[in-house]
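Structure first, commentary second.
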Amino acid sequence: MKFQIARGCDRGLCRQACGRQDRQLNTYDWLADVPGNTDETDLVEVQFKNTRKGYYHNVNNLDLKKGDIVAVEANPGHDIGVVTLTGRLVNLQIKKANIKSPDDIRRVYRHARQIDMDKYREAKAREHSTMIESRQIAKNLGLDMKIGDVEYQGDGNKAIFYYIADERVDFRQLIKDLAATFHVRIEMKQIGARQEAGRIGGTGPCGRELCCATWMKNFVSVSTNSARYQDISLNPQKLAGMCAKLKCCLNYEIDTYVEASRRLPAKDMILQTQDGDYYYFKADILAGLVTYSTDKNVAANLETITVRRAHEVIQMNKQGEKPLSLQGDAAQNAPKGPVDLLEGADISRFDKSKRRKNRRPSNSEARSGQGRQGKSQRGGQRGGNGQRNNENRNNNRNAEHRNTENKKES
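Going by our numbering, the sequence shown wraps up at 446, each residue one higher than the last.
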């Protein structure tokens, strides 16, 4: 199918030009409909393969829209990318990317032509085979590094090799061998484990695509304190992500947990009642519930109360008072759990009752029924005749017995 440049390219074209860029959650341009938004600055944001972005000057005053495929300045030659943002918000993105040198901002040449896209497809088709072969070359040289991805420039004159290494690597001989093998300019760029996961992509334990492969561009350090604040089990297998580092999502709700945990009583606080002393056992931070135990080390006689009730008991203890029990009025004010509307209901009422339908008996069944009825009637007649005969015999015996008794008396 012949390629045609169109204003506002469709998703298939963007995917063909820049890999998975159509799945990147780019900055929402909420100033797009504001008049004069693009007149204040000539800067545009251009995205390349996967998560790589750059910022360029529109020196030729091209009418650029989001989704346009453009040829931009590179060193050397030119590169092919997709415009993802225009207008005032680009200045904010530059500050966020911490770009201070004006030399890092190059120029936009033109809209991509047919010949530009043909070269780009040829270069892109060589990326996978180049990565496999470069890994073998690095292995033969005995280098302790892993080449995770290879990206060719739009004109095919340069290739960027992204690698991961724990220590410093002397890859001077590797660059010579790669240049002799692939006949392009070589650029080595070291990345971290999170950046590699973002470039490769994948599915996280939550069942969704990785955040680093969809919308995260700047990575913040994650520590185990984030798990401690949220009362998450410190299990390395559950806390580690696809990159074998701590999950970035541990930082998403940490501020909410820190703010909610400030309302909880101190863990070393002992609640004294007339029943005994209670020690801190666990807490549901977001629900505002605290569980106490009568034993300091073992879960015994657990009592769950609200944070408000816990502070009331602490205040009473400071005044030298001991409540009758730990619950008090908290049992009535405690939030009720979810109610099962179908509890005790018989769900078999929805089943259809199986009733036998009355059907007319066939001729053979009717005849057999009449035959059985006649036999039962004859049997009943014989039984009735036998019963009357027995009664007559008994009457005769009684009469004979009376006669003999009269004779004896006479």
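Idealized CB from N, CA, C, for every residue including glycine. Keep in mind it's a predicted model, so treat the numbers as computed, not measured.
{"Check": "Reducing DSSP to helix, strand and coil, say where Arg146 ends up.", "Outcome": "strand"}
{"Check": "Would you mind sorting Val6 into buried or exposed? The rule is 16 or more other CB atoms within 10 Å of its CB.", "Outcome": "With the chain represented from 37 up to 446, any question about residue 6 goes unanswered, as that position is not in the structure."}
{"Check": "If you drop the 5 nearest sequence neighbours on each side, which residues of the same chain put their C-beta closer than 6 Å to that of Glu109?", "Outcome": "Arg142, Arg143"}
{"Check": "On a CA-only basis, which of Pro138, Arg124, Gly192 is nearest Asp152? Give me that one, please.", "Outcome": "Gly192"}
{"Check": "Enumerate in chain order the residues of its own chain whose CB-to-CB distance from Val294 is below 7 Å, with the five nearest sequence positions on each side excluded.", "Outcome": "Tyr265"}
{"Check": "Given Ala249, which residues of its chain have a CB within under 6 Å of its CB, disregarding the five upstream and five downstream residues?", "Outcome": "Gly234, Gly237"}
{"Check": "Tell me where the alpha helix (DSSP H) around Phe255 begins and ends.", "Outcome": "Premise fails: Phe255 is in no alpha helix (DSSP H) and is neither H nor E."}
{"Check": "If you draw a straight line from the alpha carbon of Thr166 to that of Leu282, how long is it in whole angstroms?", "Outcome": "31 Å"}
{"Check": "Taking Glu348 as part of the alpha helix (DSSP H), name the residues at either end of that continuous run.", "Outcome": "343-354"}
{"Check": "May I ask you to verify whether the region 185-203 touches the region 103-119, counting CB pairs closer than 8 Å and requiring at least 3?", "Outcome": "yes"}
{"Check": "Kindly provide the ranges of any alpha helix (DSSP H) runs that are 4 or more residues long and lie completely inside the region 254-294, ordered along the chain.", "Outcome": "261-265, 272-275"}
{"Check": "With DSSP run on the structure shown, which of helix, strand or coil describes Thr74?", "Outcome": "coil"}
{"Check": "Would you call the region 327-344 and the region 352-360 touching, i.e. three or more CB-CB distances under 8 Å?", "Outcome": "no"}
{"Check": "Assuming contact is defined by CB atoms lying nearer than 8 Å, are Leu307 and Tyr328 in contact in what I supplied?", "Outcome": "yes"}
{"Check": "Helix, strand or coil: how does DSSP classify Asp115 here?", "Outcome": "strand"}
{"Check": "For Arg47 and Gln83, what's the separation of their Cα atoms in angstroms?", "Outcome": "Note that Arg47 has pLDDT 44, beneath the 50 cutoff, so the model's placement of it is unreliable and the number below is only indicative. Going from the Cα of Arg47 to the Cα of Gln83 covers about 14 Å."}
{"Check": "Using a threshold of 8 Å, state whether the C-beta atoms of Gly123 and Leu67 are closer than that.", "Outcome": "yes"}
{"Check": "Could you check the C-alpha separation between Asp320 and Ser259 for me, to the nearest Å?", "Outcome": "22 Å"}
{"Check": "How should Val132 be labelled, buried or exposed, when 16 other C-beta atoms within 10 angstroms of its C-beta is the threshold for buried?", "Outcome": "Sequence check: residue 132 is Lys here, not Val. So Lys132 ends up on the exposed side."}
{"Check": "Rounded to whole angstroms, what's the CA-CA distance from Leu325 to Tyr92? Just pull it up for me.", "Outcome": "54 Å"}
{"Check": "Taking 8 Å as the cut-off, decide whether the C-beta atoms of Gly184 and Glu223 are in contact.", "Outcome": "no"}
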